[in-house]
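Peer 1:
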Amino acid sequence: MPELPEVETTRRGIAPGVSGRQVLAVDVRQWALRWPIPAELPARVTGQVVRGIERRGKYLLVRFEHGTMLVHLGMSGSLRLISAAEPLRRHDHVIWQFDNDLSLRLNDPRRFGSVLWTEAPAEHHPLLRDLGPEPFSEAFSAEYLKRLTAHRRAAIKTTLMDARVVVGVGNIYASEALFLAGIHPARASGRIAHPRYERLVAAVRQVLEEAIAAGGTTLRDFVGGDGRPGYFAQQLRVYGRASQPCRACAAPVRHLRQGQRSSYFCPDCQK
DNA sequence: CCCGATTCCTGTAGGC
DNA sequence: TGCCTACAGGAATCGG
């Protein structure tokens, strides 16, 4: 599922093929995604040259001279850069045609993704404005987490997945990071000592780095910009491994439901 | 302010 | 074999 590593993998996969290229046409076949695609987007983007592609949290920012296109992959979305001659697939919702005979295609069976357009500074966009720090930035620190959660009773797993706290960490990597940090997913975030937050910050970074290196995690839909799946699923320590032995201590991994979401943890390694 | 529940969507797996 | 239900999950939004 597209969390930070999958979005970053996508960015790295498509950036070389689209940066500096001109958009010849935009074909929207399904306007109703998580948010409606702005009606003016094809006209705004057509004819412009891609200046570069950045990432903010799970959003891709496609920079043009006169604005920024925001792309979010939701939970089943993928972007592939392929030959313009390739036949369309089911759930290919948006097709960008470039001047190098390549086309970028957004495929999203569940349509939780979004494609938006803004001419204001992108960081002012309502969907980006309240985002927390990037996990690899200095702003994401034990001090920051400790202060932010001082009086919070919500479970740390839920807190980690809140994009206002830190961006990019979804359901899979939240479970993985908490395992690495030795913290129980249901522990109240306000009751975690500073040294344990130090471990958590390092764990979040470690698991995201490992996943990026593996090209992301593919459980079902995800493919990178080149159409290949990610291979981090094989390295998952607890996610999806209920009743299988913990890779550290062999105790059976447990499953827990937190706010309609599945969490996985080792009852011996995580307190 | 905080926090948990609900909501959008489709494909798939499991039960009977 | 086929029907039905549960589940997967990012994240905005709503209600307490």
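For the first sequence, the working numbering assigns the number -16 to the initial residue and increments by one for each residue that follows.
We put the beta carbon where it would ideally sit given N, CA and C, even for glycine.
With distances taken Cα to Cα, identify the nearest neighbour of PRO212 among GLY198, ARG220 and GLN31.
Peer 2: Among GLY198, ARG220 and GLN31, the Cα nearest to that of PRO212 belongs to GLY198.
Peer 1: Quick check: the region 122 to 132 against the region 87 to 105, are there 3 or more CB pairs under 8 angstroms?
Peer 2: Counting Cβ pairs under 8 angstroms, fewer than three are found: no touch.
Peer 1: From what residue to what residue does the alpha helix (DSSP H) around VAL28 run?
Peer 2: Unbroken alpha helix (DSSP H) run through VAL28: 24 to 28.
Peer 1: Would you mind giving the Cβ-Cβ distance between LEU99 and VAL1, rounded to the nearest angstrom? I have them listed as a contact below 8 angstroms.
Peer 2: Their Cβ separation, rounded to whole angstroms, is 18 angstroms, which puts LEU99 and VAL1 out of contact at 8 angstroms.
Peer 1: My assumption, with CB atoms under 8 angstroms, is that GLU117 sits in contact with LYS41. Please give the rounded CB distance.
Peer 2: Between LYS41 and GLU117 the Cβ distance is about 11 angstroms, and since that is not below 8 angstroms, they are no contact.
Peer 1: Pull up the distance between the alpha-carbon of LEU161 and that of GLY(-4), whole angstroms please.
Peer 2: Cα to Cα, the separation comes out at about 29 angstroms.
Peer 1: What three-state label does DSSP hand VAL150 in the structure shown?
Peer 2: Coil, per DSSP.
Peer 1: Can you tell me where the alpha helix (DSSP H) holding ARG(-6) begins and where it ends?
Peer 2: Taken as a continuous stretch (DSSP letters only), the alpha helix (DSSP H) holding ARG(-6) covers -13 to 1.
Peer 1: Let me make sure I understand the geometry here. Which of LEU128, ARG237 and ALA157 has the alpha-carbon closest to that of GLY173?
Peer 2: For GLY173, the nearest C-alpha among the options comes from LEU128.
Peer 1: Which value, in whole angstroms, describes the spacing of the CA atoms of THR51 and ALA231?
Peer 2: For THR51 and ALA231, the distance between alpha carbons rounds to 45 angstroms.
Peer 1: Tell me which residues share the same chain as ASP75 and place their Cβ nearer than 6 angstroms to its Cβ, disregarding the 5 neighbours each side in the sequence.
Peer 2: Excluding residues within five positions, the ones whose Cβ falls inside 6 angstroms are ARG88 and ASN90.
Peer 1: For THR29, collect the residues of the same chain with a Cβ closer than 8 angstroms to its Cβ; drop the 5 residues on either side in sequence, then sort them by chain order.
Peer 2: Hits under 8 angstroms: VAL6, LEU7, ALA8 and VAL9.
Peer 1: Closest to ALA164 by CA distance: which of VAL148, ILE139, ASN154 and ARG12 is it?
Peer 2: For ALA164, the nearest C-alpha among the options comes from ILE139.
Peer 1: From which residue to which residue does the beta strand (DSSP E) around ALA8 run?
Peer 2: First-last of the beta strand (DSSP E) with ALA8: 6 to 11.
Peer 1: Compare the C-alpha of ASP209 against each of ILE65, ALA186 and ASN83 and name the closest.
Peer 2: Residue ILE65 is the option with its Cα nearest to ASP209.
Peer 1: Alpha carbon to alpha carbon, what distance is there between ALA(-2) and GLU192?
Peer 2: Their backbone Cα atoms lie some 19 angstroms apart in a straight line.
Peer 1: Checking the sheet assignment: what are the DSSP bridge partners for THR51?
Peer 2: Answer by DSSP bridge pairing, in chain order: ARG46 and THR101.
Peer 1: Is DSSP giving PHE215 helix, strand or coil here?
Peer 2: Helix.
Peer 1: So, ARG248 versus PRO168, is the Cβ gap smaller than 7 angstroms?
Peer 2: With the sequence shown as reference, residue 248 is identified as Phe, and Arg is not the correct amino acid for it. Yes, Cβ-Cβ distance for PHE248 and PRO168 is below 7 angstroms.
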